[in-house]
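FYI, the working numbering numbers position 275 of the sequence shown as 358, with every residue one higher than the one before it.
One structure is given below, encoded as C-alpha cells.
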Amino acid sequence: MRVLLLVHGFNSLSQRLFVELDAAGHDVSIEFDINDDVLSEAVGLFKPDVIVAPFLKRAIPETVWRNHLCLIVHPGPVGDRGPSSVDWAILDDADTWGVTVLQAEAEMDAGPVWASATFPMHHAAKSSIYRNEVTDAASCAVAEALERVQSGTSVPAHAEGIARAAVKQADRAIDWTSDDTQAVLRKIRSADGVPGVKDSVGGRAIYLHDARAADGLSGEPGALIAKSGPAVCRATIDGAVWIGHLRDPECATPFKLPAVRVLADESADLPEVPMDRENGYQEIRYEEDGDVGYLHFDFYNGAMSTARCRRLLAAYEKACARSTKVIALMGGLDFWSNGMDLNDLEAASSAADASWENINAIDDLAEAIIRTDSHVTIAALQGNAGAGGVFLARAADRVWLRDGIVLNPHYKDMGNLYGSEFWTYSLPKHAGPENARRITEARLPMSVHEAAELGLANSVFSGERSAFLREVAAQADALAGDGFREMLAEKNAARADDEAAKPLTAYRDDELSRMRRNFFGFDPSYHVARYNFVHKIIKSRTPVTLARHRDRRRSVIAKGEQMRDAS
Ligand code: COA
Numbered sequence: 084m085r086v087l088l089l090v091h092g093f094n095s096l097s098q099r100l101f102v103e104l105d106a107a108g109h110d111v112s113i114e115f116d117i118n119d120d121v122l123s124e125a126v127g128l129f130k131p132d133v134i135v136a137p138f139l140k141r142a143i144p145e146t147v148w149r150n151h152l153c154l155i156v157h158p159g160p161v162g163d164r165g166p167s168s169v170d171w172a173i174l175d176d177a178d179t180w181g182v183t184v185l186q187a188e189a190e191m192d193a194g195p196v197w198a199s200a201t202f203p204m205h206h207a208a209k210s211s212i213y214r215n216e217v218t219d220a221a222s223c224a225v226a227e228a229l230e231r232v233q234s235g236t237s238v239p240a241h242a243e244g245i246a247r248a249a250v251k252q253a254d255r256a257i258d259w260t261s262d263d264t265q266a267v268l269r270k271i272r273s274a275d276g277v278p279g280v281k282d283s284v285g286g287r288a289i290y291l292h293d294a295r296a297a298d299g300l301s302g303e304p305g306a307l308i309a310k311s312g313p314a315v316c317r318a319t320i321d322g323a324v325w326i327g328h329l330r331d332p333e334c335a336t337p338f339k340l341p342a343v344r345v346l347a348d349e350s351a352d353l354p355e356v357p358m359d360r361e362n363g364y365q366e367i368r369y370e371e372d373g374d375v376g377y378l379h380f381d382f383y384n385g386a387m388s389t390a391r392c393r394r395l396l397a398a399y400e401k402a403c404a405r406s407t408k409v410i411a412l413m414g415g416l417d418f419w420s421n422g423m424d425l426n427d428l429e430a431a432s433s434a435a436d437a438s439w440e441n442i443n444a445i446d447d448l449a450e451a452i453i454r455t456d457s458h459v460t461i462a463a464l465q466g467n468a469g470a471g472g473v474f475l476a477r478a479a480d481r482v483w484l485r486d487g488i489v490l491n492p493h494y495k496d497m498g499n500l501y502g503s504e505f506w507t508y509s510l511p512k513h514a515g516p517e518n519a520r521r522i523t524e525a526r527l528p529m530s531v532h533e534a535a536e537l538g539l540a541n542s543v544f545s546g547e548r549s550a551f552l553r554e555v556a557a558q559a560d561a562l563a564g565d566g567f568r569e570m571l572a573e574k575n576a577a578r579a580d581d582e583a584a585k586p587l588t589a590y591r592d593d594e595l596s597r598m599r600r601n602f603f604g605f606d607p608s609y610h611v612a613r614y615n616f617v618h619k620i621i622k623s624r625t626p627v628t629l630a631r632h633r634d635r636r637r638s639v640i641a642k643g644e645q646m647r648d649a650s
C-alpha cells in the first residue's frame with residue numbers, strides 16, 4: 084500500500100513505523116503537518132491508500148479525513164481520549180496502558196477502532212515509556228490495522244470513551260511539604276522530556292527533568308541538600324530525589340542543562356556525593372560476571388558532553404586493566420549514544436571551541452576502543468543511537484542490537500557535519516566501501532535488520548529487554564570461552580596490518596580537518612542547525628529525503644516505470 088505518515092515531527096515512534104512499514108514492502112512517504120494547504124498538496128502528490136498519523140498536535144482537516152482513510156495512533160488504551168494520555172497514566176500510577184489505532188472522524192480520538200495493544204507500565208519517564216512500550220505496542224497495532232485495511236474484510240467498530248483534558252502544570256505541581264518521594268518522582272516523570280514540571284528555587288521559576296530517588300539522603304523538605312556530578316539533590320518528606328537536568332525559560336540558555344549549571348550559585352556550597360557512590364547520581368556503572376566486564380553509561384538523552392566522554396574513557400581504561408577477556412559497552416536503557424552534547428555546546432561561550440573539544444573527547448574514547456589489544460569489545464545497544472553515537476558503537480569489535488531499536492547513522496542533518504569517531508576507518512572495514520557510502524548518504528533512520536545486513540552491526544538479538552540482556556551475556560561468555568586467544572591474536576594482527584596500511588592518527592586527522600571546517604569555517608550551517616535543534620525550532624517544510632512524493636528524481640523514475648508497465 085501507499086502509506087503517508089503524517090507527523091508533527093519525525094520522532095522516535097514515527098521513525099520506527101517508517102522503517103518497519105518500508106521493510107514490510109509498503110511504499111511509505113512522510114509529510115510534516117504544517118498547514119491544510121500543504122497537506123492537501125502532499126495527499127494530491129502521493130495519492131496514499133491510507134494516511135497514518137503516529138504523532139500529531141492537531142486534528143486532521145475534514146477535507147482530508149472525509150476523502151481518505153486516516154488512522155490515528157493514540158498512545159492510550161481503547162476508550163482513552165485526549166492529548167495527555169501517557170502523562171495521566173504515570174500520574175495515576177496505572178498498572179497497564181495501551182495504544183489504539185483509530186480512524187479519524189470529527190470528534191478527536193473517538194473514531195472506529197482498527198487495532199489496539201496493551202502493555203504493563205513500569206516506573207520510568209514519559210519519554211522512555213513512549214520510546215519503548217508505546218512504540219512497541221504501536222508497531223504491532225499499526226501492522227494489524229494495515230492488514231485489516233488491506234484484507235478489506237473487517238469493519239472497525241466505535242468504542243465508548245472518556246475524553247480527559249490536557250494535563251496542566253497545576254495537576255503536577257509539587258508540594259514539597261506534603262508529597263513523598265514517589266509522588267515527586269511520578270510528577271516529574273509524567274512531564275519528562277516535555278514540558279518538565281514547573282517549580283521554583285529561591286523564587287526563580289525552573290522546570291525539573293531527569294529525576295531519580297536519592298536513597299539514604301534526607302533533609303528539610305524542599306531544601307537543596309547535596310550535589311553529585313550534574314545533579315542536585317532536593318529533600319522530600321520521606322527522603323530525597325536527584326534532579327539531573329533543569330530548564331530556566333527566562334535565562335539566556337532556556338533549554339535543558341545540567342542542574343548544577345542552571346543553579347550554579349545555589350549549588351556552589353552543597354556537599355558533593357561522588358558519582359560512583361551507589362546513592363550518588365550514577366551515570367556510569369561497571370559490573371563483572373566471570374570473564375566479561377559490563378560498562379553501563381546511561382547519559383540523559385544519550386548526549387555525550389566532553390566531561391561525560393572523559394569520565395567514560397577513565398572507566399573504560401579501568402575496565403581494560405581488569406583480568407577479564409571481554410568488555411561489553413552497554414550504553415543506557417533509552418539511548419546508547421546520540422553523539423556530542425548539543426545543548427552543552429549551545430550553552431558554551433564559544434560553541435566552535437567547545438565542539439572541537441567534544442569531538443576530540445569522543446574520538447579519544449573511540450580510539451581507545453579500537454586500539455584495545457587486551458580484550459574483545461562489544462557494543463550492545465539496548466536503546467537507540469544517532470549520529471556520532473552509531474559510529475562510536477562501530478569502534479567496537481562486535482555490534483549487537485536489540486530488535487526494535489532505531490539507528491540514525493548520519494551526521495548530515497546537523498548542518499552537513501562531516502563526522503568523526505573514525506567512521507572513515509571502521510565503516511568501510513565492517514560494511515565495505517559501497518555500503519559505507521549508502522549508510523552515510525541516506526539521511527534516514529535504519530532498522531536493526533538493515534544495519535546488520537549492511538555490516539553496520541553484527542547481530543540482532545531479542546527485542547524483549549531481559550531476553551536481550553541474557554543473550555548478550557551468553558554470547559559474551561561464548562566469546563570469552565574456547566578460541567578466545569586465537570580470536571584476540573587474529574584481531575590484533577588485523578589491527579597491526581590496518582595500522583601499517585594507514586595509521587589511525589591519519590584517519591583521525593583527516594576527519595578532524597573536515598570537522599574543523601564545520602566548526603570554524605565560513606559556512607555556518609552546523610551552528611544554525613545546532614541552534615534550531617536545541618531551541619526546538621519547528622521545521623517549515625518536510626525535507627525531500629522524507630517527503631519522497633516531493634522528490635522530483637523519484638517521480639521521474641516512477642513515471643518511467645508506469646509508462647514501461649503500460650506499454
Ligand atoms: N545532544 C543533546 N540532546 C540531544 C541529542 C544530542 N546529541 N540528541 C538528542 N537529544 C535530545 C533531544 O533534544 C530530545 O530532548 P527532549 O528530552 O527535550 O525532548 C531528546 O534527546 C530525544 O531526542 P529526539 O530528537 O526527540 O529523539 P528522536 O528519537 O526523535 O531522534 C535523533 C533521534 C538521534 C535522530 C535526534 O535526536 C538527533 O538528530 N540528535 C542529534 C544527533 C547529532 O547530530 N549529534 C551531534 C553530532 S555527533
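Beta carbons are placed, not taken as given, at the ideal position from N, Cα and C, and that holds for glycine.
Interface flag, residue i vs chain D, CB-CB below 8 Å
i: ALA462; result: The structure shown contains no chain D; it is built from a single protein chain.
Nearest to residue i (by Cα), restricted to the options the options
i: LYS512; options: ARG481, SER530 and PRO528; result: ARG481
i: TYR614; options: SER237, GLY498 and ASN94; result: GLY498
i: GLU361; options: LEU128, GLY276 and ARG295; result: ARG295
i: ASP263; options: VAL356, VAL277, THR319 and GLY286; result: THR319
i: ALA535; options: ALA437, PRO278, VAL473 and MET598; result: VAL473
i: TRP686; options: ALA342, ILE522, ARG477 and ALA314; result: Residue 686 is absent from the structure shown; the chain starts at 84 and stops at 650.
i: TRP49; options: LYS622, ASP192 and TRP180; result: Past the edges of the chain, shown from 84 to 650, lies residue 49, and the structure says nothing about it.
i: ARG85; options: ILE117, HIS151, ASP120 and VAL121; result: HIS151
i: PHE115; options: HIS91, ASP456, ALA519 and ARG391; result: HIS91
i: ARG624; options: LEU100, ASP119, LEU104 and VAL111; result: ASP119
i: CYS223; options: ARG214, PHE138 and SER199; result: SER199
i: GLY604; options: ASP436, ALA125 and ASP486; result: ASP436
i: GLY299; options: ILE308, ALA390, ASN467 and ASP293; result: ILE308
i: TYR702; options: LEU425, ALA540, SER167 and LEU510; result: No answer is possible for residue 702: the residues shown for the chain start at 84 and end at 650.
i: ASP258; options: ASP282, PRO239, GLY302 and PRO195; result: ASP282
i: VAL356; options: LEU104, SER301, CYS392 and THR236; result: SER301
i: GLN98; options: GLY538, ASN491, PRO626 and LEU552; result: ASN491
i: ARG344; options: ALA430, ALA248, MET423 and ALA479; result: ALA430
i: LEU396; options: GLY322, GLY385, VAL543 and PHE380; result: PHE380
i: LEU100; options: ASP352, SER438, VAL225 and LYS585; result: VAL225
i: THR260; options: GLY322, ALA207, SER210 and GLY564; result: GLY322
i: HIS532; options: THR201, VAL102 and ARG368; result: VAL102
i: ALA172; options: VAL250, ALA514, GLU400 and LEU416; result: VAL250
i: LYS209; options: ASP254, ASP275 and PRO158; result: ASP275
Per DSSP, the bridge partner or partners of residue i
i: THR319; result: GLY322
i: ILE134; result: LEU87 and CYS153
i: GLY469; result: ASN491
i: ALA240; result: VAL196
i: TRP656; result: No information on residue 656 is available, as it lies outside the stretch 84 to 650 that the chain covers here.
i: LEU484; result: LEU464 and VAL543
i: PRO341; result: HIS328
Distance cut-off 7 Å: residue i Cβ against heavy atoms of the ligand COA
i: LYS732; result: With the chain represented from 84 up to 650, any question about residue 732 goes unanswered, as that position is not in the structure.
i: MET423; result: yes
i: TYR494; result: yes
i: GLN365; result: no
i: VAL169; result: no
i: ALA386; result: yes
i: GLN252; result: no
i: SER210; result: yes
i: GLY469; result: yes
i: GLY276; result: yes
i: MET529; result: no
i: GLN465; result: no
i: ASN491; result: yes
i: LEU500; result: yes
i: ASN443; result: no
i: MET413; result: no
i: MET497; result: yes
i: SER301; result: no
i: SER95; result: yes
i: THR601; result: According to the sequence shown, residue 601 is Asn rather than Thr. Checking every heavy atom of the ligand COA against the Cβ of ASN601, none is found closer than 7 Å.
i: GLN98; result: yes
Residue i CB to nearest heavy atom of the ligand ADP below 7 Å
i: PHE616; result: With respect to the ligand ADP, the structure offers nothing, as its ligand set consists of the ligand COA.
Report the start-end ranges of each alpha helix (DSSP H) in the region 368-455 that is 4 residues or longer and not cut off at the edges. Here the runs fully enclosed are 389-403, 425-429 and 434-453.
Sequence ranges, beta strand (DSSP E) only - wholly within the region 269-315, length at least 3: Taken in chain order, the complete beta strand (DSSP E) segments of 3 residues or longer contained in the region 269-315 are 280-284, 287-296 and 307-311.
Restricting to runs no shorter than 4 residues, where is the alpha helix (DSSP H) found entirely within the region 531-592? List check, alpha helix (DSSP H) in window: 531-537, 548-563 and 567-584.
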